[in-house]
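Asks: Taking our numbering as reference, the numbering of the sequence shown is continuous, increasing by one, and the terminal residue is 283. Mind looking over this structure? Questions follow.
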Amino acid sequence: MPRAVPADLPDDAHTDEFPVRPVSTPRPAHLAPHPEYATSRWSISAADAARIATFAALTAVLGMPGPLALFGNAVPITLQTLGVMLAGALLGAWRGALAMLTFLALVAAGLPLLSGGRGGPGVFVGPSAGYLIGFVVGAAVVGLIVERFRTLTFWRVLAACVVGGMLVMYALGIPLQALVTGFSLQTVATGSLMYLPGDLLKAIIAASVTVGVVRAYPAASPLRRSAKTPENQPTASPAA
44 MPRAVPADLP DDAHTDEFPV RPVSTPRPAH LAPHPEYATS RWSISAADAA
94 RIATFAALTA VLGMPGPLAL FGNAVPITLQ TLGVMLAGAL LGAWRGALAM
144 LTFLALVAAG LPLLSGGRGG PGVFVGPSAG YLIGFVVGAA VVGLIVERFR
194 TLTFWRVLAA CVVGGMLVMY ALGIPLQALV TGFSLQTVAT GSLMYLPGDL
244 LKAIIAASVT VGVVRAYPAA SPLRRSAKTP ENQPTASPAA
């Protein structure tokens, strides 16, 4: 049975009978988890939920100017793919994909959030179905690429937006558009070349906005989202 330690035992006393117990020291404030950072890559904090909702709303707002159909193409040109790129670049893969899923869930519920006031389940079986799937996958790919870097530069973010926001979108959208419309894959792919200049411009805008936001507000950086301390959060590099 352990013996009780006398109350009057000096603090510096150290004997075999009454060993000194280690005193726990408070964790330094700079090592404490930042309240805005989630405890893991997959968890969602209140701040994350607010950002996800914000980017879902931003994607809806980008559809307000309306669609632009060139040469009778069944899939119109819209600004909403800019929202896809920004969601992946600023929220990261997991949260960016959730933002796009939130947006598409609202569209499926019947809200006219797509360009031209389109909405409802029917849009997911139309010519744009592959591109709508690409909203989720594209945002995830942009985020996955951006999260691999320790610092953000314009060219790195631009490359991520081109791969996720353009190549992935085309890879999913063109085959399904050909399937739905009955045109050959080559015909649809050739017709999609008209999207390239506009999509490249959107990628440039997304890269510029992302680097600017992270430089002004480092907490917005998606890099190493699972890190728990502010000093581990990389920031935008001034180098282009």
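Glycine included, C-beta positions come from ideal geometry on N, C-alpha and C.
For residue 219, write down the residues that DSSP places opposite it in a beta bridge.
Replies: As a position in the sequence shown, residue 219 is number 176, starting the count at 1. DSSP, once it has assigned bridges, lists no residue as partnering residue 219.
Asks: Tell me whether residue 238 is buried or exposed, calling it buried when 16 or more other Cβ atoms sit within 10 Å of its Cβ.
Replies: In the sequence shown, counting from the first residue as 1, residue 238 sits at position 195. Counting Cβ neighbours within 10 Å, residue 238 comes out buried, since at least 16 surround it.
Asks: Can you name the start and end residues of the alpha helix (DSSP H) that residue 260 belongs to?
Replies: The sequence position of residue 260 within the sequence shown is 217, counting from 1. Neither: residue 260 is in no alpha helix (DSSP H) and is coded neither H nor E.
Asks: Take residue 204 as the anchor and find which of 158, 230, 100, 245 has the nearest alpha-carbon.
Replies: What you label residue 204 is simply residue 161 of the sequence shown in a count that begins at 1. Closest option to residue 204, Cα to Cα, is 245.
Asks: Alpha carbon to alpha carbon, how far is residue 143 from residue 231?
Replies: One-based indexing of the sequence shown puts residue 143 at position 100. One-based indexing of the sequence shown puts residue 231 at position 188. Cα to Cα, residue 143 sits roughly 25 Å from residue 231.
Asks: Would you mind giving the Cβ-Cβ distance between residue 180 and residue 139, rounded to the nearest angstrom? I have them listed as a contact below 8 Å.
Replies: Here residue 180 refers to the residue found at position 137 when the sequence shown is read from its first residue. Here residue 139 refers to the residue found at position 96 when the sequence shown is read from its first residue. Incorrect: roughly 11 Å between the Cβ atoms, too far for contact.
Asks: State the Cα-Cα distance for the pair residue 75 and residue 86, rounded to the nearest angstrom.
Replies: Sequence index remark: in the sequence shown, residue 75 carries index 32 (1-based). Sequence index remark: in the sequence shown, residue 86 carries index 43 (1-based). Only weak support is given to the placement of residue 75: the predicted model assigns it a pLDDT of 47, under 50, and the value that follows is read from those uncertain coordinates. Whole-angstrom Cα-Cα distance: 18 Å.
Asks: Alpha carbon to alpha carbon, what distance is there between residue 227 and residue 249?
Replies: Within the sequence shown, residue 249 is the residue found at index 206, counting from 1. Within the sequence shown, residue 227 is the residue found at index 184, counting from 1. In a straight line, the C-alpha of residue 249 is about 32 Å away from that of residue 227.
Asks: Near residue 176, which residues of its chain fall below 6 Å by C-beta distance, leaving aside the five closest residues on each side in sequence?
Replies: Against the sequence shown, residue 176 aligns to sequence position 133. Correct list, in chain order: 215.
Asks: Using DSSP with H/G/I as helix, E/B as strand and the rest coil, what is residue 95?
Replies: Position 52 of the sequence shown, counted from the first residue, corresponds to residue 95. Residue 95 falls in the helix class under three-state DSSP.
Asks: When the Cα atoms are used, what is the spatial distance from residue 255 to residue 125?
Replies: Within the sequence shown, numbered from 1, the residue matching residue 255 stands at position 212. Within the sequence shown, numbered from 1, the residue matching residue 125 stands at position 82. Between residue 255 and residue 125, the C-alpha separation is close to 16 Å.
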